[in-house]
Amino acid sequence: MFSNESTTRGLALAVTAAAGALALLTGCAGTEGSTSALTGATGAPSEPPAASERPSAPFNGADVEFAQMMIPHHRQAVEMAELAESRASDPRVRKLAARIKAAQDPEIATMTGWLTAWGRPATPEGGHGGHDMSGMMSEEEMAKLEKAKGAAFDRMFLELMIAHHRGAVEMAETELAKGADPQAKQLARAIESAQRAEIEQMRQMLGQS
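First residue of the sequence shown? That's -18 in this note's numbering, and the numbers climb one at a time after it.
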């Protein structure tokens, strides 16, 4: 009888200890930038699920700001690219604009998914119009681009998009220097590489050395 009671008591204590350890681990994972869902038993990162479904990866404020600012920045680039569909006269401009839209639309969705997974709003507290960000076009510049057609549109589009891309490169460089989320840094690296190449292409189209 004593033996059975001792065994039962021992099992209960073991279960209680295990539950306490699990609670401690769970509590530690609740802070910003420290989730263990993306690492395996060895600590190596596992294959991340889709951005809209994955749990929050290790992230910090720079990652959040990168997504919150790059989303409206990309949206304006897509808006500019859509104008080129009916206004550009140079087929190279139309082709470039189509490529920009095809690349940046999915990136907007990806970054929106990250903010949802991180439990962060799409815009910073207080919001921002976006036009104060590096490379963003003013409302006046966008209105002029919308009214332009043919060769005038082509030149204006290329000049404005070069400035726009340079702003995105700056934002990507900041993320690479200060961010923590591996997927966000990977996207920043891709944005920097692609947009530097497109800047050079647009400079050549404008006849710039």
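Don't be surprised by glycine CBs; every beta carbon is placed ideally from N, CA and C.
Predicted model only: the values in this text are computed from it and were never measured.
For Pro149, the three-state DSSP class (helix, strand or coil): Here the sequence assigns Ala to residue 149, which means Pro is not the residue at that position. It is helical.
Contact belief for Met117 with Gly148 at Cβ below 8 Å, rounded distance in angstroms: Yes, they are in contact, since the Cβ atoms of Met117 and Gly148 sit about 6 Å apart, within 8 Å.
Touching by the beta-carbon criterion (3+ pairs, under 8 Å), the segment 149 to 156 and the segment 165 to 181: yes
Complete alpha helix (DSSP H) runs within the segment 74 to 141 (minimum length 4 residues, chain order): 120 to 128
Nearest candidate by alpha-carbon position, reference Ala43, set Glu181, Ala161, Met186: Ala161
Buried versus exposed call for Ala69 [16 or more other C-beta atoms within 10 Å across all chains shown]: buried
Reference Ala90, options Met51, Gln189, Leu64, Gly131, closest by Cα: Met51
For Ala178, the three-state DSSP class (helix, strand or coil): helix
Assigned exposure category for Ala58 - 16 Cβ within 10 Å defines buried: Ala58 comes out buried.
Rounded straight-line distance, which links the Cα of Gly188 to that of Glu106: 43 Å
Contact under 7 Å by Cβ, Ala65 with Arg75: Result yes, Cβ atoms of Ala65 and Arg75 sit closer than 7 Å.
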